[in-house]
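A quick write-up on the structure given underneath.
Numbering (the numbering used here), first residue to last: 1085 to 1307.
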């Protein structure tokens, strides 16, 4: 029992490390080659996990071979366009200048109803407002509206928005993140003074952030 528990936990950590080495992508954003590698890894892990009599090397060595091949192909595909297109494919234009490219729909096996469903996900109800629709290599649909149907930008509206900067988290779930203090230009005494003004403390704070303009966001813990 203890051996099975150890093997399961160890293989889980190995699988997490493997996915991390492949890069930070969600399942829906994976290229075809990355999705295949993920499925292979899951199958290879199950071999020594299901049968305690099987050595761990029976799963680890094939996983290392698959991961090494994936990383090597990823590096090579950055330099060789033909290899990249072979492994990942290339984007397909489904709508061009408002015209539906039916042959590309048939080639990608996407029906008109499925296309309209993808457009609704992008909050596009009228297909006539679409100038370009491109099916990306990860299966996502990029949609570009005709300029007259696009929302006006701040620059086009003649407005002058306030400057903004990325907030830095100083306190999270009652813990002071000291590594972020230097980045924010603050110190621990400043944080405690801000909390005292809110009649609070580190232990009572769930989240506290500050941005480059000095704007503070503070959220207390729920009682």
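Backbone N, C-alpha and C define an ideal beta-carbon position, used for all residues, glycine too.
Taking the Cα positions, residue 1259 is about 17 Å away from residue 1251. Between the beta-carbon of residue 1249 and that of residue 1296 there is about 3 Å, and that keeps the pair under the 8 Å contact cut. For residue 1175, there is no enclosing beta strand (DSSP E), as DSSP marks it with neither H nor E. One Cα belongs to residue 1211, the other to residue 1188, and the distance between them is close to 17 Å. Shown here for residue 1208: same chain residues with a beta carbon closer than 8 Å to its own, the five before and five after excluded, namely 1214, 1227, 1229 in chain order. DSSP lists 1292 as the bridge partner or partners of residue 1302. Runs of the beta strand (DSSP E) lying entirely within the region 1192 to 1243 and spanning at least 3 residues, in chain order: 1214 to 1219, 1225 to 1229. Within 10 angstroms of the beta-carbon of residue 1130 lie fewer than 16 other beta-carbons, which makes it exposed.
Here the alpha carbon of residue 1128 sits roughly 55 Å from the alpha carbon of residue 1283. Within the DSSP secondary-structure output, residue 1256 pairs in a beta bridge with 1259, 1291. The three-state secondary structure of residue 1267, taken from DSSP, is helix. Taking each of 1146, 1267, 1162, 1178 in turn and checking the Cα distance to residue 1171, the smallest one comes out for 1162. With respect to the 8 Å criterion, residue 1292 and residue 1254 are classified as neighbours on the basis of their beta carbons.
Relative to residue 1125, the option among 1200, 1307, 1148 whose CA is nearest is 1148.
With fewer than 16 neighbouring CB atoms inside 10 Å of its own CB, residue 1152 falls in the exposed class. Classified as exposed, residue 1298 has fewer than 16 neighbouring CB atoms from the shown chains inside 10 Å of its CB. Between the C-alpha atoms of residue 1100 and residue 1168 there is a straight-line separation of about 25 Å. Between residue 1304 and residue 1288 the beta-carbon gap is near 6 Å, inside 8 Å, which marks them as a contact. If you draw a straight line from the Cα of residue 1233 to the Cα of residue 1200, it is about 17 Å long. Here the alpha carbons of residue 1217 and residue 1237 stand approximately 21 Å from one another.
The shortest C-alpha to C-alpha distance from residue 1098 to any of 1276, 1145, 1274, 1243 is the one to 1145. The three-state secondary structure of residue 1183, taken from DSSP, is strand. Counted as a single uninterrupted DSSP element, the stretch harbouring residue 1246 is not any alpha helix (DSSP H), since DSSP gives it neither H nor E.
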